[in-house]
Amino acid sequence: MTSPIEAGVIERHNASLRADHEADFHSLGERLARRGLDADALVDKVARFTVAVPSWGTGTGGTRFARFPGPGEPRGIFEKLDDCAVIQALGRASPAVSLHIPWDKADPAELKERADALGLRFDAMNSNTFQDHPGDPNQPLSYKFGSLSHADPAVRDQAVRHNVETIRIGEAIGSRALTVWIGDGSNFAGQSDLSRAFDRYIESMKRIVEALPEGWRVFSEHKMYEPAFYSTVVSDWGTSLMAAQELGTKAFCLVDLGHHAPNTNIEQIVARLIRAEKLGGFHFNDSRYGDDDLDAGSIDPFRLFLVFNELVEAGERLDRLEPAHMIDQSHNVTDPIESLIRSGAEIRRAYAQALLVDRAELRGLQDEGDALLASDRLKAAFRTDVEPLLAEARRRAGGAIDPIRAYRASGYRARVAAERPAVAGSGGGIV
Ligand SMILES: [Mn+2]
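Using full-length UniProt numbering, the first residue of the sequence shown is number 1, and each one after it goes up by one.
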């Protein structure tokens, strides 16, 4: 396996931090043991939890106003995969990459070969009918007024065919799921028939479901607004659930943490979707106002923890669902590699904290109506500094105790900046 990080960088870095890390891990282990928890078992669980990196996240994102590219941005999917391998080498939380078609379109055999060489695999595929593809002879029609729900059946056909093509590429590279997010909606009351548009979406999605290979799933991703500002066709989790139930056993709901109204109780949505056996996966990110696509856990780590609290609480019911964990962020002012390493760690942190909750005790307190102590015991798990568990999971897997510092010591960004001259208008965006 080839690694874009020079051999020895991680070893030297870990050697310099080893004594302090071991003391911290030992100390945390003693505290956890007093609560009946085994630190080594927790490290094993954390190590098994992984989250896919979005290929589009390795480039600098942008807003409606501007994009400020950083040095050494990947110029295509193969350089994006190199960056994903760096994220995995140091953070050890993200062995899979989620591709976006057509941005990442390439010979599937070459994609597979490169990913194999880097020790990466592919998670859910993402189709794109929220923008036009003037260079693609198979997509001459515009998605300006929608795609899968468009009033014109020819546009709907084209959008379905694009999704089927995305599935075929995914099939060739070992993916097993398709995520569908559409920008369809309307900007004015009266512009679109709310019912007929949804009917047309369902009919199009049925054709996509029919094209799914054995063992594949399709995830429908809802979003309340943007780019449409009056209504969107798949606006909320209720609509997404309705679609998944109508589309059958291969269809599931994807929860992007930024796609809700402000103050929405996302953890309750997660609990409901688990109960309905329709939770397909996540796009992790954080936000303060809308679909801000900020780094996971950077604004409201407690909310992320509460989502994981529901996932851990679900236990075996969740094992059956095997939700896909993916990051979906836009990095505007940071080095995307650093943001993605940190986000993987923050997501694992929320998981590790949720594992600390004494579930039997919590249920007892809930049933007794002890609101204060129930809240306190839940919060106690969130307050625990689990960093030594995360660092130990990385170290045992060959990663870095402090991956951001190790990344900076590696000189990777400066090296690729010399190899990758800046290009104008590289593919990427905010999904
Ligand atoms: Mn998303």
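Built from N, CA and C at the ideal position, the CB exists for glycine as well. What you are looking at is a predicted structure, and each value in this text was computed from that prediction instead of being measured.
Cβ-Cβ distance between residue 60 and residue 70 below 8 Å: Your numbering for residue 60 matches position 60 in the sequence shown. Your numbering for residue 70 matches position 70 in the sequence shown. With respect to the 8 Å criterion, residue 60 and residue 70 are classified as neighbours on the basis of their beta carbons.
Alpha-carbon spacing of residue 419 relative to residue 122, whole angstroms: Here residue 419 corresponds to residue number 419 of the sequence shown, with the count starting at 1. Here residue 122 corresponds to residue number 122 of the sequence shown, with the count starting at 1. Using only the alpha carbons, I get a separation of about 26 Å.
Close-in-space but distant-in-sequence residues of the same chain around residue 430 (CB under 7 Å, 5 per side omitted): Position 430 of the sequence shown, counted from the first residue, corresponds to residue 430. Interpretation of residue 430 is limited by its pLDDT of 46, a score under 50 that renders its predicted location unreliable; no figure is taken from the coordinates.
Start and end residues, beta strand (DSSP E) containing residue 178: Here residue 178 corresponds to residue number 178 of the sequence shown, with the count starting at 1. Counting along the chain, the beta strand (DSSP E) containing residue 178 begins and ends at 177 to 180.
Exposure label - residue 379; buried when at least 16 CB within 10 Å: For the purposes of this step, residue 379 is taken as the residue at position 379 of the sequence shown. Its Cβ having fewer than 16 others within 10 Å, residue 379 is exposed.
Cut-off 6 Å between Cβ atoms - residues of its own chain near residue 428, not counting five sequence neighbours on either side: Translated into the one-based positions of the sequence shown, residue 428 becomes position 428. Reliability of the predicted coordinates at residue 428 is poor, the pLDDT of 49 falling under 50, and no value is obtained from them.
Beta-carbon spacing of residue 354, residue 381 below 8 Å: Within the sequence shown, numbered from 1, the residue matching residue 354 stands at position 354. Within the sequence shown, numbered from 1, the residue matching residue 381 stands at position 381. Cβ distance < 8 Å, so residue 354 and residue 381 count as in contact.
First through last residue of the beta strand (DSSP E) which encompasses residue 251: Taking the first residue of the sequence shown as 1, we reach residue 251 at position 251. Residues 251 to 256.
Coarse secondary structure for residue 280, derived from DSSP in three states: Within the sequence shown, residue 280 is the residue found at index 280, counting from 1. Correct three-state label for residue 280: strand.
Where residue 54 falls: helix, strand or coil (DSSP): Along the sequence shown, read from residue 1 onward, the residue named residue 54 stands at position 54. Reduced to three states, the DSSP call for residue 54 is strand.
Local conformation of residue 224 per DSSP, three classes: For this step, residue 224 is matched to residue 224 along the sequence shown. Residue state, collapsed to three classes: coil.
is_contact[residue 7, chain D] using C-beta, thresh 8 Å: No chain D appears in this structure, which consists of one protein chain only.
Reduced DSSP category for residue 286 - H, G, I as helix; E, B as strand; rest coil: Within the sequence shown, numbered from 1, the residue matching residue 286 stands at position 286. Strand.
Residue from 166, 358, 416 with nearest C-alpha to residue 106: The sequence position of residue 106 within the sequence shown is 106, counting from 1. Ranking the options by Cα distance to residue 106, first place goes to 166.
Residues bridged to residue 219 [DSSP beta-bridge criterion]: For this step, residue 219 is matched to residue 219 along the sequence shown. DSSP, once it has assigned bridges, lists 179, 252 as partnering residue 219.
Backbone secondary structure at residue 324 - three-state DSSP: Indexing the sequence shown from 1 puts residue 324 at position 324. Three-state DSSP puts residue 324 in a strand.
Near ligand 1: residue 237 beta-carbon under 7 Å from a heavy atom: Stepping through the sequence shown from its first residue, residue 237 is reached at position 237. Every heavy atom of ligand 1 is 7 Å or more from the Cβ of residue 237, so no.
Under 8 Å between C-beta atoms of residue 180 and residue 208: Taking the sequence shown and counting its residues from 1, one reaches residue 180 at position 180. Taking the sequence shown and counting its residues from 1, one reaches residue 208 at position 208. In contact: residue 180 and residue 208 (Cβ atoms closer than 8 Å).
Helix, strand or coil at residue 259 [DSSP, three-state]: Numbered from 1 along the sequence shown, position 259 holds the residue referred to as residue 259. DSSP places residue 259 in coil when its eight states are reduced to three.
Touch test, the stretch 79 to 86 against the stretch 13 to 30, Cβ-Cβ under 8 Å, three pairs minimum: Too few Cβ pairs lie closer than 8 Å, so no.
Any non-hydrogen atom of ligand 1 closer than 7 Å to residue 283 Cβ: The residue you call residue 283 lines up with position 283 of the sequence shown. Correct: residue 283 has its Cβ closer than 7 Å to ligand 1.
Ligand 1 heavy atom lying under 7 Å from the CB of residue 171: Taking the sequence shown and counting its residues from 1, the one referred to as residue 171 is at position 171. No, the Cβ of residue 171 stays beyond 7 Å of every heavy atom of ligand 1.
Separation of residue 170 from residue 101, as counted between CA atoms: The residue labelled residue 101 in the question sits at position 101 within the sequence shown. The residue labelled residue 170 in the question sits at position 170 within the sequence shown. Going from the Cα of residue 101 to the Cα of residue 170 covers about 10 Å.
Bridge partner(s) assigned by DSSP for residue 331: By 1-based counting over the sequence shown, the position of residue 331 is 331. Residue pairing by DSSP places residue 331 in no beta bridge whatsoever.
Inter-residue spacing [alpha-carbon to alpha-carbon] between residue 185 and residue 307: On the sequence shown, position 185 is the one that residue 185 refers to. On the sequence shown, position 307 is the one that residue 307 refers to. In a straight line, the C-alpha of residue 185 is about 28 Å away from that of residue 307.
N-terminal and C-terminal residue of the beta strand (DSSP E) that residue 204 is part of: Taking the first residue of the sequence shown as 1, we reach residue 204 at position 204. Unbroken run through residue 204 is the alpha helix (DSSP H), 194 to 210; no beta strand (DSSP E).
For residue 121, the residue or residues it bridges with in DSSP: Indexing the sequence shown from 1 puts residue 121 at position 121. Note: residue 121 is bridge-paired with 96 in the DSSP secondary-structure output.
Candidates 408, 369, 358, 151, of which the one nearest residue 35 by Cα: In the sequence shown, the residue the question calls residue 35 occupies position 35. The shortest C-alpha separation from residue 35 is found at 358.
Contact test: residue 500 Cβ vs ligand 1 heavy atom, cutoff 7 Å: Since the displayed the chain opens at 1 and closes at 431, residue 500 lies outside it and no answer follows.
C-alpha gap between residue 261 and residue 6, whole angstroms: Numbered from 1 along the sequence shown, position 261 holds the residue referred to as residue 261. Numbered from 1 along the sequence shown, position 6 holds the residue referred to as residue 6. The alpha-carbon atoms of residue 261 and residue 6 are separated by roughly 44 Å.
Other residues of its chain near residue 246: CB distance less than 7 Å, five sequence neighbours each side excluded: To locate residue 246, count along the sequence shown from 1; it is residue 246. Only 202 meet the Cβ criterion.
Within 8 Å, strictly: CB atoms of residue 94 and residue 124: To locate residue 94, count along the sequence shown from 1; it is residue 94. To locate residue 124, count along the sequence shown from 1; it is residue 124. The criterion of a C-beta distance shorter than 8 Å is not satisfied by residue 94 and residue 124.
Endpoints, alpha helix (DSSP H) assigned at residue 237: For this step, residue 237 is matched to residue 237 along the sequence shown. Element bounds for residue 237: 237 to 247.
Assigned secondary structure, residue 428 (DSSP; H/G/I helix, E/B strand, else coil): What you label residue 428 is simply residue 428 of the sequence shown in a count that begins at 1. Residue placement at residue 428 cannot be trusted, given a pLDDT of 49 that sits under 50; the coordinates are not used to answer.
Ligand 1 heavy atom lying under 7 Å from the CB of residue 328: Here the question's residue 328 lines up with position 328 in the sequence shown. Indeed, a heavy atom of ligand 1 lies less than 7 Å from the Cβ.
Distance cut-off 7 Å: residue 110 Cβ against heavy atoms of ligand 1: Counting from one through the sequence shown, the residue named residue 110 turns up at place 110. No - ligand 1 has no heavy atom lying nearer than 7 Å to the Cβ of residue 110.
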